[in-house]
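Engineer: Here's a structure for you.
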Amino acid sequence: MSQKEPTRLWLAAAVMLAAPGLVFANPPVASYIFPAGARRGDSVEVRVGGLFLHGTCEAEIGGPGITLAGRPVPTAKRWFEGPVLPLPDSQRQEDYPSDMLLGARVAPDAPTGGRRLRLSTAQGVASGPVFMVGDLPEVVENEIEGDPIPQTIPVPGTANGRLFPREDVDLWEFRAEAGKPLTIFAHAAALNSPVLPRIEILDKAGRVVAAQMPYPCAGTDASIRFDAPATGTYRARISDAKMLGSQAHVYRLTATHEPLPLHRAPVGRGPSRGQGATVPATLAGVISAPGHSDAWTVNLAAGQSCRVELEARRLGSPLRAIVTITDPAGKQAVRREAGDKDDPDPIQFKAASTGAHVIRVADKFRDRGGESFGYSLSLKTDEATAAPGIRLAVPSDSLVVPRGGATKVKVSAERIGGFSEAVALEVGGLPPGVSFKPATIARGAASVDLEITASATVPLGVCSPVIRGRAGNLAATAMAPALGCAPETGDIRLAVAFPAPFKIVSEYEMTGAPRGENHRRKYRIDRGGYEGPIHVGMADRQARHLQGVTGPEIVVPPGKDSFEYPALLAPWMEMGRTCRVCVMAWATVADPVDGKSRVVSFGSTEQNQQMIVVVGPGRLELELDRVTVPAKGRQVIRVKVSRDSALKGEAEIEAIVPAHFRGVAVAKVTVPEGAGSVDFPIEFAAGSGPFNAPITIMARVNRKDGPVVAEATVLPVGRIPAPAD
32 MSQKEPTRLW LAAAVMLAAP GLVFANPPVA SYIFPAGARR GDSVEVRVGG LFLHGTCEAE
92 IGGPGITLAG RPVPTAKRWF EGPVLPLPDS QRQEDYPSDM LLGARVAPDA PTGGRRLRLS
152 TAQGVASGPV FMVGDLPEVV ENEIEGDPIP QTIPVPGTAN GRLFPREDVD LWEFRAEAGK
212 PLTIFAHAAA LNSPVLPRIE ILDKAGRVVA AQMPYPCAGT DASIRFDAPA TGTYRARISD
272 AKMLGSQAHV YRLTATHEPL PLHRAPVGRG PSRGQGATVP ATLAGVISAP GHSDAWTVNL
332 AAGQSCRVEL EARRLGSPLR AIVTITDPAG KQAVRREAGD KDDPDPIQFK AASTGAHVIR
392 VADKFRDRGG ESFGYSLSLK TDEATAAPGI RLAVPSDSLV VPRGGATKVK VSAERIGGFS
452 EAVALEVGGL PPGVSFKPAT IARGAASVDL EITASATVPL GVCSPVIRGR AGNLAATAMA
512 PALGCAPETG DIRLAVAFPA PFKIVSEYEM TGAPRGENHR RKYRIDRGGY EGPIHVGMAD
572 RQARHLQGVT GPEIVVPPGK DSFEYPALLA PWMEMGRTCR VCVMAWATVA DPVDGKSRVV
632 SFGSTEQNQQ MIVVVGPGRL ELELDRVTVP AKGRQVIRVK VSRDSALKGE AEIEAIVPAH
692 FRGVAVAKVT VPEGAGSVDF PIEFAAGSGP FNAPITIMAR VNRKDGPVVA EATVLPVGRI
752 PAPAD
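Printed below as a string of structure tokens:
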């Protein structure tokens, strides 16, 4: 056989794998970037998190003025376990992103605002997180385990933080002067972050002296206008309103003396409320108190048409508007209501009679109103007389097509100005080997699926396609939706993906196992023609919250088509609960087209591929003679170990000390087989601390098939920083 023959065979296998239903691939997922922004002129190292990166990916932060220092490099995952989750929260699907480090420099003249982060691998491209460029001094949270320890935010300045794990609270300390008001606000949705921020201001005694405004300032997610009662040091306490938290719960907290508007001021060029208006006009108003409404009188002739459009949410106003139009006889002719996040749909109205028509604006809920409830109301001539046009939209700025396969992209059309014709679609910027199937959005249709195909021999890579629609002399570029404060864009990425040749296969299996030790499950691998080594580990995407389950990375040797995976069930797992663990497989495979090494992976949350275990009592238990200990000098804790009679060998006792504790010394001790208790010493040096979290005491009995462990905690009682004067 010639040297080229294996490549031909592998290429043929790749073509078959790309057939519908046979593509085994994990496209990347971009989960977060932390810190989620930087000041103009600064350099910053960010932590990029994502799924299915496997230690190798490319990164891009869009827009001018940002230079990246090469590719992201793998780093140890920063992890905080957090509280035990009750049902049903623990049954929800959960992601466990890997961490990468990336250097970025922001030019002094870089435009401020949001930029999209994109990550790409051999199996696709993804976006989601937003990186914000600011113009104030910035600091980054030093993330530590345990209760919050205050960190300093400059005034003016911005703090980059993260609410992780669940129920996390951050404290930011600042100095305020009496008679010099501050505005303190948070960005989260602007970063495409799941945080629902809740802010409070505390004095040095820990009393709440200011709470966030019911309706935040324009462009923010939460804000406080704070006038310090006395000059001194205060703290901003920020948490998630639902007490959630994760690696992706990033935020930016800004303190400034500059006042922020309650909403982006609408521009009114028409009469005052109650006076007669003619079309066209732009009217501005505020629902200034709960239960109030505004009435605008518009003079229309019989048969005259106008388009009535209200803007509130788009101006940063909390108004959930109801717009009604009544005719000269006082009869309601039209009613429109805002959705949960959007303004009311525009009204295309044709007057049935001549006279004064009344347009009334109110909030959907009678108990809402105030100076932040501003809006703009535009009255335009009949839309049919406006210039015809089209707007095109696609659901994402990141598209993936498998090599040797196809993908479909939904392209939606909004016709304006009375335009109603068919729209022919075309795609530019595609590399050789990638093509599109001609498609048309038919007359009267709102959308069509555009099919993009990649040949079996096209090189892998990411391109920037331009999707355009044409109808006569009209043309439009398809736009992807805004991400947070990053505006909508026609700058789209398309990745040709390399499907994995292998997959993990197994049948449904459910069993019980004791907590505090490894549970093993056997799996099979359908290699699909690939005979090299395959790595297996805990999947980045899990069907459920893991409840502390961990597992190693193992290697399945070349040619072997089965393996046994050990997952360590945490010793504190709730008994009687069902644990579901998913694994994933990845390998470095030679690309049959260009011979380059590519990392490809397979993972699934299908029930048959889950390790399903009902958690039972552990075979090793640990008790301490106290739950707190003075954080000074030598302290001795009496440790009692109980074990199953079949669990032989000595038990090792050791302490897991939070990494940020200073001046704490511990040593490993052993409990001989047959003995039940032992003294465990902890030494606290002078000036040790800060003590804001417990120390974990662990007992371990080592066995050939893995350790059996038990845990208990003891809280050092000592110094926690107090507010500065």
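In our numbering, each number is its position in the sequence shown, counted from 1, plus 31.
Quick reminder that beta carbons are idealized off the backbone N, C-alpha and C, glycines included.
1. Would you give the residue range spanned by the beta strand (DSSP E) that C88 belongs to?
2. CA-CA distance, V739 and L599?
3. Does DSSP classify Q640 as helix, strand or coil?
4. Express the C-alpha separation of D371 and A631 in angstroms, rounding to a whole number.
5. Between R300 and the rest of its own chain, which residues show a CB-CB distance below 6 Å, the 5 nearest in sequence each way excluded?
6. Determine, using beta carbons only, whether F111 and F195 come nearer to each other than 7 Å.
7. Have a look at G649 and P114 and give me their C-alpha separation to the nearest angstrom.
8. Out of curiosity, what's the CA-to-CA distance linking P245 and E714?
9. What separation, rounded to the nearest whole angstrom, lies between the Cα atoms of P37 and E562?
10. Out of curiosity, what's the CA-to-CA distance linking I353 and T412?
11. Starting from the C-beta of A511, find all residues in its chain whose C-beta is less than 7 Å away, skip the five residues before and the five after it, and write them out in chain order.
12. Given this structure, state the Cα-to-Cα distance separating V240 from L481, to the nearest angstrom.
13. Could you compute how far the alpha carbon of R499 sits from the alpha carbon of S451?
14. For Q243, which of helix, strand or coil comes out of DSSP?
15. In the structure shown, what three-state DSSP assignment does R123 receive?
16. Measuring alpha carbon to alpha carbon, tell me which residue in A621, G568, I728 is nearest P597.
17. Residues bridged to G134 by DSSP?
18. What are the partner residues of D557, as DSSP defines its beta bridges?
19. For P545, collect the residues of the same chain with a Cβ closer than 7 Å to its Cβ; drop the 5 residues on either side in sequence, then sort them by chain order.
20. For a test of the three-state rule: what should DSSP assign to L346, helix, strand or coil?
21. Can you grab the Cα-Cα spacing for the pair E681 / I687, in whole Å?
22. Can you tell me which of the three DSSP states L222 falls into?
23. Entirely within the stretch 459-496 and at least 3 residues each: give me those beta strand (DSSP E) ranges in chain order.
24. If A507 sits next to I447, beta carbons under 8 Å apart, how far is it from one beta carbon to the other, in whole angstroms?
25. To the nearest angstrom, how far is it from the Cα of R206 to the Cα of P689?
26. Please classify Q154: does DSSP put it in a helix, a strand, or coil?
27. Where A382 and Q363 are concerned, what is the direct C-alpha to C-alpha distance, given to the nearest angstrom?
28. Per DSSP, T619 forms a beta bridge with which residues?
29. Counting C-beta neighbours from all protein chains within 10 Å, is the total for P469 16 or more, i.e. buried, or is it exposed?
30. Within 10 angstroms of the Cβ of S407, are there 16 or more other Cβ atoms? Answer buried if so, exposed if not.
31. Counting only runs of 3+ residues fully inside the stretch 677-720, write out the beta strand (DSSP E) ranges in chain order.
32. Whole angstroms is fine: what's the gap from I728's alpha carbon to V667's?
33. Are the stretch 391-401 and the stretch 124-144 touching, with three or more C-beta to C-beta distances below 8 Å?
34. With a threshold of 16 other CB atoms inside 10 Å of the CB of T214, please say whether the residue is buried or exposed.
35. In the DSSP output, which residue or residues are listed as bridge partners for I92?
Structural biologist: Straight from the coordinates:
1. Sequence index remark: in the sequence shown, residue 88 carries index 57 (1-based). Here C88 belongs to no beta strand (DSSP E), and DSSP marks it neither H nor E.
2. Sequence index remark: in the sequence shown, residue 739 carries index 708 (1-based). Sequence index remark: in the sequence shown, residue 599 carries index 568 (1-based). Using only the alpha carbons, I get a separation of about 9 Å.
3. In the sequence shown, residue 640 corresponds to position 609, counting from 1. Note: Q640 maps to helix in three-state DSSP.
4. Residue numbering aside, residue 631 sits at position 600 when the sequence shown is read from its first letter. Residue numbering aside, residue 371 sits at position 340 when the sequence shown is read from its first letter. Just to set this straight, residue 631 is Val in the shown sequence, not Ala. Within the model, the alpha-carbon separation for V631 versus D371 is close to 41 Å.
5. Position 269 of the sequence shown, counted from the start, is the residue given in the question as residue 300. Bear in mind that the predicted position of R300 carries a pLDDT of just 46, short of 50, making it unreliable; the figure below should be weighed with that in mind. Hits under 6 Å: T313.
6. Reading the sequence shown from its first residue, position 80 is the one you call residue 111. Reading the sequence shown from its first residue, position 164 is the one you call residue 195. Contact flag set, yes.
7. Start at 1 with the first residue of the sequence shown, and residue 649 comes out as number 618. Start at 1 with the first residue of the sequence shown, and residue 114 comes out as number 83. Their Cα atoms are separated by approximately 20 Å.
8. Walking along the sequence shown from the start, residue 245 turns up at place 214. Walking along the sequence shown from the start, residue 714 turns up at place 683. Their Cα atoms are separated by approximately 49 Å.
9. Locating residue 37 in the sequence shown gives position 6, where the first residue counts as 1. Locating residue 562 in the sequence shown gives position 531, where the first residue counts as 1. Note that P37 scores 38 on pLDDT, short of 50, meaning its location in the model is unreliable; the coordinates nonetheless yield the value given after this. Their Cα atoms are separated by approximately 12 Å.
10. The sequence position of residue 353 within the sequence shown is 322, counting from 1. The sequence position of residue 412 within the sequence shown is 381, counting from 1. Answer to the nearest angstrom: the Cα atoms are 22 Å apart.
11. If you number the sequence shown from 1, residue 511 lands on position 480. Result list for A511: V425, S427, D428, E519, T520, I523, in chain order.
12. Here residue 240 refers to the residue found at position 209 when the sequence shown is read from its first residue. Here residue 481 refers to the residue found at position 450 when the sequence shown is read from its first residue. Distance between V240 and L481, taken at the CA atoms: about 56 Å.
13. Stepping through the sequence shown from its first residue, residue 499 is reached at position 468. Stepping through the sequence shown from its first residue, residue 451 is reached at position 420. The alpha-carbon atoms of R499 and S451 are separated by roughly 17 Å.
14. Counting from 1 along the sequence shown, the entry for residue 243 is found at position 212. Three-state DSSP puts Q243 in coil, outside helix and strand.
15. By 1-based counting over the sequence shown, the position of residue 123 is 92. Residue state, collapsed to three classes: coil.
16. As a working note, residue 597 is residue 566 in the sequence shown. Comparing Cα-Cα distances from P597 to each of A621, G568, I728, the minimum goes to G568.
17. On the sequence shown, position 103 is the one that residue 134 refers to. G134 pairs with E76.
18. For this step, residue 557 is matched to residue 526 along the sequence shown. K534, per the DSSP bridge assignment.
19. Taking the first residue of the sequence shown as position 1, residue 545 is located at position 514. The answer, listed in chain order, is G647, P648, G649, R650.
20. Numbered from its first residue, the sequence shown carries residue 346 at position 315. Residue state, collapsed to three classes: helix.
21. Walking along the sequence shown from the start, residue 681 turns up at place 650. Walking along the sequence shown from the start, residue 687 turns up at place 656. One C-alpha to the other measures close to 19 Å.
22. Here residue 222 is taken as the residue at index 191 of the sequence shown, counted from 1. In the structure shown, L222 sits in a helix (DSSP, three-state: H, G or I).
23. 465-467, 470-472, 478-485, 492-494
24. Residue 507 sits at position 476 when you count from the first residue of the sequence shown. Residue 447 sits at position 416 when you count from the first residue of the sequence shown. Actually they are not in contact, since the Cβ atoms of A507 and I447 sit about 10 Å apart, beyond 8 Å.
25. Here residue 206 refers to the residue found at position 175 of the sequence shown. Here residue 689 refers to the residue found at position 658 of the sequence shown. Put simply, the backbone Cα of R206 is about 30 Å away from that of P689.
26. Residue 154 sits at position 123 when you count from the first residue of the sequence shown. Three-state DSSP puts Q154 in coil, outside helix and strand.
27. Position 351 of the sequence shown, counted from the first residue, corresponds to residue 382. Position 332 of the sequence shown, counted from the first residue, corresponds to residue 363. Distance between the alpha carbons of A382 and Q363: 12 Å.
28. Counting from one through the sequence shown, the residue named residue 619 turns up at place 588. Partner(s): V630.
29. Within the sequence shown, the letter at position 438 stands for residue 469. Under this definition P469 is an exposed residue.
30. Counting from one through the sequence shown, the residue named residue 407 turns up at place 376. Counting Cβ neighbours within 10 Å, S407 comes out buried, since at least 16 surround it.
31. 682-687, 693-697, 700-702, 708-720
32. The sequence position of residue 728 within the sequence shown is 697, counting from 1. The sequence position of residue 667 within the sequence shown is 636, counting from 1. Their Cα atoms are separated by approximately 12 Å.
33. no
34. In the sequence shown, the residue the question calls residue 214 occupies position 183. Answer is buried; the Cβ neighbour count reaches 16.
35. Position 61 of the sequence shown, counted from the start, is the residue given in the question as residue 92. BP columns for I92 point to L148.
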